[in-house]
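Undergrad: As numbered in UniProt numbering, residues 1 to 313 make up the sequence shown, in order.
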Amino acid sequence: MGSTELGQGERRMTAVEKLRSMLADKDKFIACPGVYDGFTARIALREGVDCLYMTGAGTTMSRLGMADMGIATLNDMLTNASMIANIDPSTPLIADADTGYGSPLMVGRTVTQYIRAGVAGLHLEDQIVNKRCGHLLGKQLVDVDEYTARIRAARMAREQSNSDIVIIARTDALQSFGYDDALTRLRAAVAQGADVAFLEGVTSRSDAQRLCADLAPTPCLFNNVPGGFSPDFSVQQCREIGYKIAIFPCLAFEVVYPAVRAAVRQMKELGTVKSVEEDGKRYSPRELFQVCGLDELMEFDLKAGGASYKGGA
């Protein structure tokens, strides 16, 4: 877990403070694995990541069993974000907040609820409320005034909550309206209080470099979606281009899909399940439960005076 022992009188940094500190550190690059549930979040935390990203597509697929076509509601996203953010409150979570789910009043409610849930950063976009994944065709956008009203509402909700949640402004304008329109939208969003700029669907390294230069000193975020519209930039390439953050939203569900499919086929064809790993390793329930805090939970129970786990588990 990410927490450490503190001396007397010391205060642990909040997740938002940690994210802000990383953004302010000129030598720090923030790479965020995309997680979609408690198990994938626990795996990433166990590997010692600095920051998590809750993917909207993964949330929609895992919670609803449906494609990312604007189906998930605020409650769907908020419930998932709250759970993930509070597994280890010392590790920042950046969460997809889609369009904010309605009018400026709804955007304000969304941001306030994300703040209360412990989310350290969120991104808001300029698609219509009935949105779709940014790497599909046919996206429809609201006008610049409505988009900036969303960002303004997010900033106002942040101020009213006495919070410092990081607001990330995303635009999908590149595909339909071109680079100049997208840049105009991002600059307008930054003027209204956005902390980070997110151009979705960037198609070339030259446009990516141009964006980071045009928006400097505002930090820019790259969305790594293999097979989507954008190049598969590595963390090192993102650094060289000038990005500050890279999210990898497909990281978990992209590798889960072939692994589970292979295991199901083995069950059907062989009547048993073999390891999908080259060394043939299988994992016991205990090992998997330990990823999700089994030992810590038993220790807590014993320290509190419980008797359920005196003989172990």
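Backbone N, C-alpha and C fix where the C-beta goes; we use that ideal spot for every residue, glycine too.
1. Can you give me the start and stop residues for the beta strand (DSSP E) that Cys220 sits inside?
2. Measuring only the C-alpha atoms, how far is Met1 from Gly48?
3. Which term fits Asp98, buried or exposed, when burial requires 16 or more other beta carbons within 10 angstroms of its beta carbon?
4. Indicate the three-state DSSP secondary structure (helix, strand or coil) for Ile115 in the structure shown.
5. Nearest-angstrom Cα distance between Asp214 and Ala208?
6. State the CB to CB distance for the pair Arg171 and Ala153, rounded to an integer number of angstroms; the pair is presumed to be in contact (CB under 8 Å).
7. For my contact list, Arg185 and Val111 are in at a C-beta cut-off of 8 Å; report their separation, rounded to the angstrom.
8. Would you call the CB atoms of Ala81 and Ala95 closer than 8 Å?
9. Quick one: any contact between the region 247-261 and the region 223-231, if contact means 3 or more CB pairs under 8 Å?
10. So is Met267 buried or exposed if we call it buried at 16+ other beta carbons inside 10 Å?
11. Mind pulling the beta strand (DSSP E) runs of 3 or more residues that sit fully within the region 167-225?
12. Report yes or no: do the region 8-23 and the region 34-41 share at least 3 C-beta pairs separated by less than 8 Å?
13. CA-CA distance, Asp240 and Leu211?
14. Which residues in the same chain as Leu74 place their Cβ atom closer than 6 Å to its Cβ, once the five residues preceding and following it in sequence are excluded?
15. Kindly indicate the opening and closing residues of the beta strand (DSSP E) around Met54.
16. Just to confirm my understanding: we take Pro219, look at its own chain, exclude 5 residues before and 5 after, and list those with CB closer than 7 Å. What are they?
17. To the nearest angstrom, how far is the alpha carbon of Val291 from that of Glu146?
18. Just list the residues that DSSP pairs Gln140 with in beta bridges.
19. Checking 8 Å against the spacing of the C-beta atoms, do Pro92 and Ala120 come in under that value?
20. Could you tell me which whole beta strand (DSSP E) segments of length 3 or greater appear in the region 249-277?
21. Among the candidates Arg20, Arg46, Gly178, Phe29, whose CA atom is the shortest distance from the CA of Phe222?
22. Once DSSP output is grouped into helix, strand and coil, what is the label at Ser3?
23. Return helix, strand or coil for residue 314, following the three-state DSSP convention.
24. If we ignore side chains and look at the alpha-carbon of each, how far apart do Asp50 and Ile168 end up?
25. If you reduce the DSSP assignment to three classes, tell me which class Val235 lands in.
26. Here's a check: name, in chain order, each residue in its chain whose Cβ is nearer than 6 Å to the Cβ of Ala194, leaving out the five neighbours to either side.
27. Excluding five sequence neighbours on each side, which residues of the same chain lie with their C-beta closer than 6 Å to the C-beta of Ala263?
28. May I ask which residues mark the beginning and end of the alpha helix (DSSP H) holding Val291?
TA: With the structure as the only source:
1. 220-223
2. Interpretation of Met1 is limited by its pLDDT of 42, a score under 50 that renders its predicted location unreliable; no figure is taken from the coordinates.
3. buried
4. helix
5. 10 Å
6. Per the sequence shown, residue 171 should be read as Thr rather than Arg. Rounded, the Cβ-Cβ distance is 16 Å, inconsistent with contact.
7. No, Arg185 and Val111 are not in contact; Cβ-Cβ is about 19 Å, not under 8 Å.
8. yes
9. yes
10. exposed
11. 196-199, 220-223
12. no
13. Per the sequence shown, residue 240 should be read as Glu rather than Asp. Between Glu240 and Leu211, the C-alpha separation is close to 13 Å.
14. Tyr101, Thr110
15. 52-54
16. Leu23, Val196, Lys244, Ile245
17. 44 Å
18. Beta-bridge pairing links Gln140 to no other residue.
19. yes
20. none
21. Phe29
22. For Ser3, the predicted model reports a pLDDT of 45, less than 50, meaning its position is unreliable; a value from the coordinates is still stated below. Correct three-state label for Ser3: coil.
23. The requested residue 314 is not part of the displayed model; the chain covers only 1 to 313.
24. 18 Å
25. helix
26. Ile151, Ile167, Ala169
27. Val273
28. 285-291
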